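Quick note: the sequence shown, position 241, residue 241 per the UniProt record's numbering, numbers continuous.
No residue lacks a Cβ here, since even glycine has one placed at the ideal position from N, Cα and C.
Keep in mind the model is a prediction, meaning the values are calculated, not measured.
First comes the structure, then the notes that go with it.
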Amino acid sequence: MLKVLDITHFYSKKSGGIKTYLLEKSKYLFKKGINHSLIVPDKEDYIKNINNAKYYFVKSPPLPFSKYYRLLLNKAKIFEIIEKEEPDIVEVGSPYFLPSWINEKKDFFGYRTVGFFHSNIEGSLSSILKLKQLKKSSSLISEKIIKKEYSDFDIVITPSKYIENYINKIGIENTTTVYLGVDRTTFFYRKKETTLRAKYNIPKDKIILIYVGRLTQDKDILELADIYNNLDHNKYHLIIVGSGNKKKKLFKKIKFNFTYFGYLQNKKQLAQILSLSDIYITTSKIETFGLSVVEAQACGLPVIAYKLGSLPEVVYKKELLVDSKDEFIKMIENASKYYITENIRKEISIFTRNYFSWEKTFNKLLEIYNQLLINVKI
Numbered sequence: 001m002l003k004v005l006d007i008t009h010f011y012s013k014k015s016g017g018i019k020t021y022l023l024e025k026s027k028y029l030f031k032k033g034i035n036h037s038l039i040v041p042d043k044e045d046y047i048k049n050i051n052n053a054k055y056y057f058v059k060s061p062p063l064p065f066s067k068y069y070r071l072l073l074n075k076a077k078i079f080e081i082i083e084k085e086e087p088d089i090v091e092v093g094s095p096y097f098l099p100s101w102i103n104e105k106k107d108f109f110g111y112r113t114v115g116f117f118h119s120n121i122e123g124s125l126s127s128i129l130k131l132k133q134l135k136k137s138s139s140l141i142s143e144k145i146i147k148k149e150y151s152d153f154d155i156v157i158t159p160s161k162y163i164e165n166y167i168n169k170i171g172i173e174n175t176t177t178v179y180l181g182v183d184r185t186t187f188f189y190r191k192k193e194t195t196l197r198a199k200y201n202i203p204k205d206k207i208i209l210i211y212v213g214r215l216t217q218d219k220d221i222l223e224l225a226d227i228y229n230n231l232d233h234n235k236y237h238l239i240i241v242g243s244g245n246k247k248k249k250l251f252k253k254i255k256f257n258f259t260y261f262g263y264l265q266n267k268k269q270l271a272q273i274l275s276l277s278d279i280y281i282t283t284s285k286i287e288t289f290g291l292s293v294v295e296a297q298a299c300g301l302p303v304i305a306y307k308l309g310s311l312p313e314v315v316y317k318k319e320l321l322v323d324s325k326d327e328f329i330k331m332i333e334n335a336s337k338y339y340i341t342e343n344i345r346k347e348i349s350i351f352t353r354n355y356f357s358w359e360k361t362f363n364k365l366l367e368i369y370n371q372l373l374i375n376v377k378i
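In structure tokens form, the structure reads like this:
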């Protein structure tokens with residue numbers, strides 16, 4: 001039986017796309033009869049079975065500048081687990097420390113290594129380092145980290161061509177892109193029901209804008225408030241789903257009515273809320289994929305976003321992508337007239353559900369694993 005082990009620090013009770021990827025991966029691998037174990041951080045050591053996979057939670061300190069993530073630093077514990085599980089493939093979803101550790105032991109333990117480049121290190125550093133002179137150095141720092149940590153993997157997987165091109169330029173060449181997917185049983189087109197708006201106390205007669213994701217600096221969440229404040233207060237209502245350290249600042253900045261749901265663990269409830277909305281908006285400029293965008297589109301929502309990062313690859317209605325804040329405001333007004341019909345919602349949903357599916361994602365991933373194990377160069 002094939003044994004796969006995932007390890008990442010991007011996992012917490014309130015984390016997003018990477019956690020979803022791992023949970024869906026566990027379901028898929030179980031159906032294929034593949035043993036799946038994971039090493040992820042938490043406040044204490046414990047083991048838990050989730051989706052028929054064995055999750056090893058390792059006591060870890062908080063990751064600097066992050067409210068929810070923790071940094072896996074217990075090297076001895078990590079290799080104690082690896083020795084016990086005897087994996088054929090180890091996939092690393094973190095850019096700090098773990099790649100070097102996992103690669104230096106691959107010949108000793110006999111596993112093949114896969115680096116999944118989930119995070120935009122340069123973008124995250126730039127958002128944290130506010131001084132201009134520090135922002136300039138963030139590019140150099142991040143490139144050094146990436147080159148050091150990712151050079152020794154048997155293959156590096158990226159969630160978008162945007163990220164693959166970025167790391168190719170740095171000098172990481174053994175790469176391939178695997179798009180993430182969407183849960184087709186949960187995220188699909190539904191007719192808008194006024195009863196749902198009443199249930200959540202959301203105005204029936206307004207155009208509903210929605211954002212789902214972290215409320216953090218790296219998502220440029222405060223700019224979303226600026227854009228919303230420039231719209232007609234009598235015409236629009238904003239829904240915010242998510243949590244993060246910029247929540248209080250965001251709420252203070254928004255000048256008129258909005259509805260806040262916090263972080264939603266229940267994906268069916270999230271799909272309901274997406275379906276009662278009209279337009280999905282995001283001001284993020286450093287997305288590596290954009291899972292929330294894809295989930296919104298699977299429910300039929302047009303997406304307005306900046307023409308940056310991975311979003312030009314995943315947004316279906318590309319004419320809704322913009323270059324500036326002023327364009328963003330005008331595009332919301334334009335989309336409100338022409339892009340919220342039931343026919344367009346159906347079209348967006350059908351395309352997204354066909355193009356992005358977890359089945360496609362993991363079929364390709366499994367093909368990569370098998371090629372690594374038979375020493376076929378990808």
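| Less than 7 Å separating the beta-carbons of SER275 and ARG353? | As a working mapping, residue 275 is identified with position 275 in the sequence shown. As a working mapping, residue 353 is identified with position 353 in the sequence shown. Going by C-beta atoms, SER275 is not nearer than 7 Å to ARG353.
| query | Less than 7 Å separating the beta-carbons of PRO302 and TYR339? | reply | Counted from its first residue, the sequence shown places residue 302 at position 302. Counted from its first residue, the sequence shown places residue 339 at position 339. Contact flag set, yes.
| said: If distances are taken between C-alpha atoms only, which option among SER310, LEU231, THR288, ILE368 comes closest to ASP326? | reply: Working through the sequence shown from its first residue, we reach residue 326 at position 326. Checked all of SER310, LEU231, THR288, ILE368; the closest Cα to ASP326 is LEU231.
| message | Buried or exposed, going by whether 16 or more other CB atoms sit within 10 Å of the CB of ASP183? | response | Residue numbering aside, residue 183 sits at position 183 when the sequence shown is read from its first letter. It counts as buried.
| message | Measuring straight from C-alpha to C-alpha, what distance separates PHE356 and VAL294? | response | Position 356 of the sequence shown, counted from the start, is the residue given in the question as residue 356. Position 294 of the sequence shown, counted from the start, is the residue given in the question as residue 294. About 8 Å.
| task | Grab the span of the alpha helix (DSSP H) containing LEU71 for me, first residue to last. | result | The residue labelled residue 71 in the question sits at position 71 within the sequence shown. Counting along the chain, LEU71 falls outside any alpha helix (DSSP H), and DSSP gives it neither H nor E.
| message | DSSP has SER37 in a bridge; who is on the other side? | response | As a working mapping, residue 37 is identified with position 37 in the sequence shown. According to DSSP, which records beta bridges pairwise, SER37 is partnered with LEU5, LYS54.
| query | Taking just the CA atoms, how far does PRO61 sit from PRO41? | reply | Working through the sequence shown from its first residue, we reach residue 41 at position 41. Working through the sequence shown from its first residue, we reach residue 61 at position 61. Spanning the two alpha carbons is a distance of roughly 8 Å.
| message | Let me confirm a value: GLU44 is counted as buried when at least 16 other C-beta atoms fall within 10 Å, else exposed. Which label applies? | response | Here residue 44 is taken as the residue at index 44 of the sequence shown, counted from 1. Classification of GLU44: exposed, given that the 10 Å Cβ count is below 16.
| said: Going by the DSSP bridge assignment, what does ALA305 pair with across the sheet? | reply: As a working note, residue 305 is residue 305 in the sequence shown. Answer is LEU321, bridged to ALA305.
| So THR176 is in the beta strand (DSSP E); what residue range does that whole segment cover? | In the sequence shown, residue 176 corresponds to position 176, counting from 1. 175 to 177 is the span of the beta strand (DSSP E), which, as asked, contains THR176.
| task | Just confirm the distance between the C-beta atoms of ILE286 and PHE258, as a whole number of angstroms; I'd bet it's less than 8 Å. | result | Looking up residue 286 in the sequence shown gives position 286. Looking up residue 258 in the sequence shown gives position 258. About 24 Å separates the two Cβ atoms, so there is no contact after all.
| query | Roughly how many angstroms lie between the CA atoms of LYS337 and GLY244, to the nearest whole one? | reply | Position 337 of the sequence shown, counting from 1, holds the residue named residue 337. Position 244 of the sequence shown, counting from 1, holds the residue named residue 244. Each residue's Cα considered, the two are about 32 Å apart.
| Per DSSP, the bridge partner or partners of ARG112 | What you label residue 112 is simply residue 112 of the sequence shown in a count that begins at 1. Paired residues: ILE89.
| request: Can you tell me the Cβ-Cβ gap for ILE279 and LEU209, rounded? I've got them flagged as a contact below 8 Å. | output: Translated into positions along the sequence shown, residue 279 becomes position 279. Translated into positions along the sequence shown, residue 209 becomes position 209. Contact flag correct, Cβ pair sits at about 5 Å.
| query | Between GLY171 and the rest of its own chain, which residues show a CB-CB distance below 7 Å, the 5 nearest in sequence each way excluded? | reply | On the sequence shown, residue 171 is found 171 positions in, with the first residue counted as 1. If we look at GLY171 and ignore the five residues flanking it on each side, its Cβ neighbours are LYS147.
| request: Output the distance between the C-alpha atoms of THR175 and GLY115, rounded to the nearest integer angstrom. | output: Within the sequence shown, numbered from 1, the residue matching residue 175 stands at position 175. Within the sequence shown, numbered from 1, the residue matching residue 115 stands at position 115. Looking at the two C-alpha atoms, the distance is approximately 9 Å.
| said: By the three-class DSSP mapping on this structure, what secondary structure does LYS59 have? | reply: Reading the sequence shown from its first residue, position 59 is the one you call residue 59. Correct three-state label for LYS59: strand.
| request: Pull up the distance between the alpha-carbon of ASN266 and that of ILE157, whole angstroms please. | output: As a position in the sequence shown, residue 266 is number 266, starting the count at 1. As a position in the sequence shown, residue 157 is number 157, starting the count at 1. Those two C-alpha atoms are separated by around 28 Å.
| said: Suppose you measure from the CA of PRO203 to the CA of SER277; what does that come to, to the nearest Å? | reply: In the sequence shown, residue 203 corresponds to position 203, counting from 1. In the sequence shown, residue 277 corresponds to position 277, counting from 1. Using only the alpha carbons, I get a separation of about 11 Å.
| Alpha carbon to alpha carbon, how far is PHE79 from HIS118? | The residue given as residue 79 occupies position 79 in the sequence shown. The residue given as residue 118 occupies position 118 in the sequence shown. So the two alpha carbons sit approximately 23 Å from each other.
| query | With distances taken from CA atoms, which of ASN370, ASN375, TRP358, ILE374 is nearest LEU22? | reply | Here residue 22 corresponds to residue number 22 of the sequence shown, with the count starting at 1. Here the closest residue by C-alpha is TRP358.
| message | I'd like to know if the stretch 52 to 61 and the stretch 102 to 116 are in contact, where contact means that at least 3 CB-CB pairs between them fall below 8 Å. | response | no
| field | Own chain partners of ILE50 with C-beta closer than 8 Å, once the 5 adjacent residues on each side are dropped | value | Walking along the sequence shown from the start, residue 50 turns up at place 50. Excluding residues within five positions, the ones whose Cβ falls inside 8 Å are LEU23, SER26.
| Among residues of its own chain, excluding the 5 on either side of PHE351, which ones have a beta-carbon nearer than 7 Å to its beta-carbon? | The count along the sequence shown starts at 1 and reaches residue 351 at position 351. Cβ within range, chain order: TYR316.
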